[in-house]
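K.L.:
Take this structure, written in structure tokens, and hold onto it; I'll ask about it next.
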Amino acid sequence: MSEPTSTREENKPPLNGRRALPPNNSNDEENEVPEVDPFGLIPRGFNPKDYLRVVDIHMFKEPHEINKQQHHTDKYYNPKLIVRRGQPFQIQIDFNRPYRPETDQFWLEYLMGRYPQQNKGTYIPIIVGNVLKPGEWGAKITHRENNSIRLSIMSSATCIIGKFRLYVAVWTPFAILRTRRDPATDTYILFNPWCQQDAVYLDDEKEREEYVLNDVGIVFHGNVEDVKSRSWSYGQFEENILDACLFLMDKAELELSGRGNPIKICRVASAVINSRDDNGVIAGSWNNSYDYGVAPSAWTGSVDILLEYYSSKQPVRYGQCWVFAGVFNTFLRCLGIPARLITNYSSAHDNNANLRLDFFLDDEGKVDTRLTKDSVWNYHCWNEAWMTRPDLPVGFGGWQVVDGTPQETSDGMYRCGPASVQAIKHGHVCFQFDAPFVYAEVNSDIIFSRMKKNGTQVIERIDTTHIGQLIVTKEVGGDGMVEITEEYKFREGSDEERLSLETAVMYGVKKQTTRDTTYQPQTDIDMDFQVQKAVLGNDFKVTITFRNRSRNSYTATTYLSGNIVFYTGVPKSEFKKHSFGAKLEPSSSSSFDVVIKSSEYMSDLLEQASFHFFVTARINETGKILAMQKATILEIPTLRIKTKGELVAGKEMSVIVEFTNPLKQTLENVMLRLEGPGVLRTIKKEFRSIPMNSTLTWEVKCIPMRPGLRKLIASLNCDALRHVYGELNVQIQKP
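Numbering of the sequence shown is given in full-length UniProt numbering, commencing with residue 1 and proceeding in unit increments.
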């Protein structure tokens, strides 16, 4: 009986004059696959049961079984088979009778998406042969016993990654008989950094364990003078995270056939991680008000964010650079692309990519906020992903910068990368993607210039060393910091550095010369200032030092401006203005202290407790100006974490979080979060108020699932106090 015409019409894809088939860009959608595929008319006496029939398929998909062990996928909290491409895996097929190779013919079919096609890599028929070729699709029988056969299957080292559906097809004289659709045999295929033919191959086992298999990391923040660190839970193996990461590629509408290419995946992911233009994962907010969402500083890891997005399909509020980078890192590691989180201290956000950040001073030497558009971020986090770059000349593979934080558009969307770190170091910024922008983030000069009354512009100072002073990442196999500045730039002032800059300029990075404006600095007086280390809520002092190297006496009119700033270097408010006259005796040094009281800054304080000081001094005798700027952050109190009870997998234990309020005020509506991959899912609790000097104690009971070294991460958040963290390493024993 044929089906009525109307329903058949509805199932047909809409016609489109440009392509025979609609785009195939969803890993989730499926097509109907017939169980009986006749070659023509089927004779009356034909009975499928007379032929070889598949009774069962064993996938060996448990974490302790051969496939997940050999493919390093045993940590995924996912019941289905997960393997890595370019490496053989085993399955067993049980038939209704012994298999006879002389007369029986069967093959395997792997399908992905709604419109599987062989030339697109979304329909893969595999004939069983005698030999497996490395890095190419194939299957061979390794064992035969009674009605069962054991197969070793090799996937291509360039195949698309994602979730494939498996069918076994048996040939009979009149029809092809297929197994029924069975989700239990679905097979995830991921990138394989252990396979030499894979584009993401990484040859160091310690690095693979860190950059692919480690599910916790460190985010370095603060500023150059005062590097701070906090833990971040990537959780790439947690339940549903793999499906959530595959969904991101569907959301970005990346054609299935392009999903074997890490360059394409990184490029589309850097756009879909942020919510600008495409309703992506995280909505950014840098304005200190986080209504209807979670403050960026409160997140302790990526899992909550990805799962919320996967279920709601709406951007999760809110993120700032380390949140975008943390979630991006989870995505990359989950799919098997080696990745690490990078922090660049004093990162230039150069609005017109001319390799200079212009700070304009008014007549008194104060920064003119109307004219100054560029900003220096105290720090900025991005990611590096490891891959070959066959689209570039030899030598530009390896670490690539990818950045999901929405800063500037690239080809019309907020995204950045992948840009070769090697190309950035050598100034070869002509190679795709977005190398000039990253080059400017680590190499710009800061130029202080002053508009005179008659409209001429005078350059007062050029600072060539402030930007990109320190670039760091977490060390392999530990929680320490390793400096990688040398991977991005040559030593300041070296011949190679000049050459790299000239190359970048030749390739079209705009670099204005300073010849068109008069620049004659005061050379015989040096000025510097130091900010005392201070704890949030206390007074501290700024010490300004002059050194007069000449034989003349000078007097200086000095102005200090203290601003509360976002970590992006954008000022919120000026909380301190202080002017004084200084006498500078010949051939001597003199210091002046300015005291900053807590009452002056507490009311306006932003979450990162970040200050920016400008000191400008006019030498009255010559009219020349000395200018300097520095960022500083306060010490923020931490959370203390302890455990109680035996630390054994499968047994109940307690985690205790403590915090003492150091401020001279009551903290209100305080939100605590606690998580630890493999120990406990994220738990939140709100406390109405914590009076000054009083201590809060929160006890959580949990049952750790996985043995081994695990990390507990906690955060505290309220309007008056953010970026309060605590962490604890715990060794969970085997039962």
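Ideal Cβ placement from N, Cα and C applies to all residues, glycine included.
#1: Quick test of your reading: residue 525 and residue 554, contact by CB under 8 Å. State the CB separation rounded to the nearest angstrom.
#2: Tell me which residues share the same chain as residue 113 and place their Cβ nearer than 7 Å to its Cβ, disregarding the 5 neighbours each side in the sequence.
#3: Between the beta-carbon of residue 347 and the beta-carbon of residue 327, is there less than 8 Å?
#4: Please list, in chain order, all residues of the same chain as residue 550 whose beta carbon is under 8 Å from its beta carbon, the five residues on each side excluded.
#5: Does residue 252 come out as helix, strand or coil in the three-state DSSP assignment?
#6: Within the stretch 67 to 139, note down every full beta strand (DSSP E) run reaching 3 residues or more, in order along the chain.
#7: When you compare the CB positions of residue 93 and residue 175, do they come within less than 8 Å of one another, or not?
#8: May I ask you to list the residues that DSSP assigns as paired with residue 454?
#9: Taking all protein chains shown into account, decide if residue 502 is buried (16 or more other Cβ within 10 angstroms of its Cβ) or exposed.
#10: Would a C-beta distance cut-off of 8 Å place residue 419 and residue 381 closer than the cut-off?
#11: Is residue 736 near residue 386, with beta carbons less than 8 Å apart?
#12: Put residue 646 into one of helix, strand or coil per three-state DSSP.
#13: If you count every other CB in all the chains shown that lies within 10 Å of the CB of residue 336, and 16 or more means buried, which is it?
#14: Touch check for the stretch 199 to 206 and the stretch 453 to 462: three-plus C-beta pairs under 8 Å?
#15: Which residues in the same chain as residue 596 place their Cβ atom closer than 7 Å to its Cβ, once the five residues preceding and following it in sequence are excluded?
#16: Looking at residue 724 and residue 637, is the spacing between their C-beta atoms short of 8 Å?
#17: Return the CA-CA distance between residue 128 and residue 383, expressed in angstroms with no decimal places.
#18: Tell me the DSSP secondary structure of residue 296 in three-state form.
#19: For residue 183, which of helix, strand or coil comes out of DSSP?
#20: Can you tell me which residues form a DSSP beta bridge with residue 673?
#21: In terms of alpha-carbon separation, which member of 697, 692, 492, 238 lies closest to residue 686?
#22: Would a C-beta distance cut-off of 8 Å place residue 421 and residue 407 closer than the cut-off?
#23: Please report the residue range of the alpha helix (DSSP H) in which residue 307 lies.
#24: Count the other C-beta atoms from every protein chain shown that fall within 10 angstroms of the C-beta of residue 483, then say buried if there are 16 or more, exposed otherwise.
#25: Helix, strand or coil, according to DSSP, for residue 157 in the structure here?
#26: Closer than 7 Å by C-beta to residue 212: which residues in its own chain qualify, once you throw out the five before and the five after it? Chain order, please.
#27: Could you give the DSSP three-state label for residue 729: helix, strand or coil?
#28: Quick check: the Cα distance between residue 610 and residue 727, rounded to an integer number of angstroms?
#29: Count the other C-beta atoms from every protein chain shown that fall within 10 angstroms of the C-beta of residue 391, then say buried if there are 16 or more, exposed otherwise.
#30: Within this structure, are the beta carbons of residue 706 and residue 678 separated by less than 8 Å?
#31: Assuming residue 449 contacts residue 434 (C-beta within less than 8 Å), just tell me the rounded distance between them.
#32: If we call anything under 8 Å between Cβ atoms a contact, is residue 672 one with residue 684?
#33: Determine the direct distance from the alpha carbon of residue 467 to that of residue 341, and round the result to whole angstroms.
#34: Would you report the Cα separation of residue 86 and residue 331, rounded to the nearest angstrom?
#35: Between the Cα of residue 579 and the Cα atoms of 604, 544, 599, which residue gives the shortest distance?
#36: With a CB to CB cut of under 7 Å and the five nearest residues on each side skipped, what residues in its chain are close to residue 452?
P.N.:
Put simply:
#1: 7 Å
#2: 24, 26, 27, 29, 122, 256
#3: no
#4: 524, 525, 586, 587
#5: coil
#6: 81 to 84, 89 to 95, 106 to 111, 123 to 129
#7: no
#8: Answer is none; residue 454 lacks a bridge partner.
#9: exposed
#10: no
#11: No information on residue 736 is available, as it lies outside the stretch 1 to 735 that the chain covers here.
#12: coil
#13: buried
#14: no
#15: 539, 540, 541, 542, 562, 576
#16: yes
#17: 42 Å
#18: helix
#19: helix
#20: 684, 715
#21: 697
#22: no
#23: 303 to 312
#24: exposed
#25: coil
#26: 193, 333, 336, 338
#27: strand
#28: 23 Å
#29: exposed
#30: yes
#31: Not really, about 28 Å apart at Cβ, beyond 8 Å.
#32: yes
#33: 19 Å
#34: 21 Å
#35: 544
#36: 458
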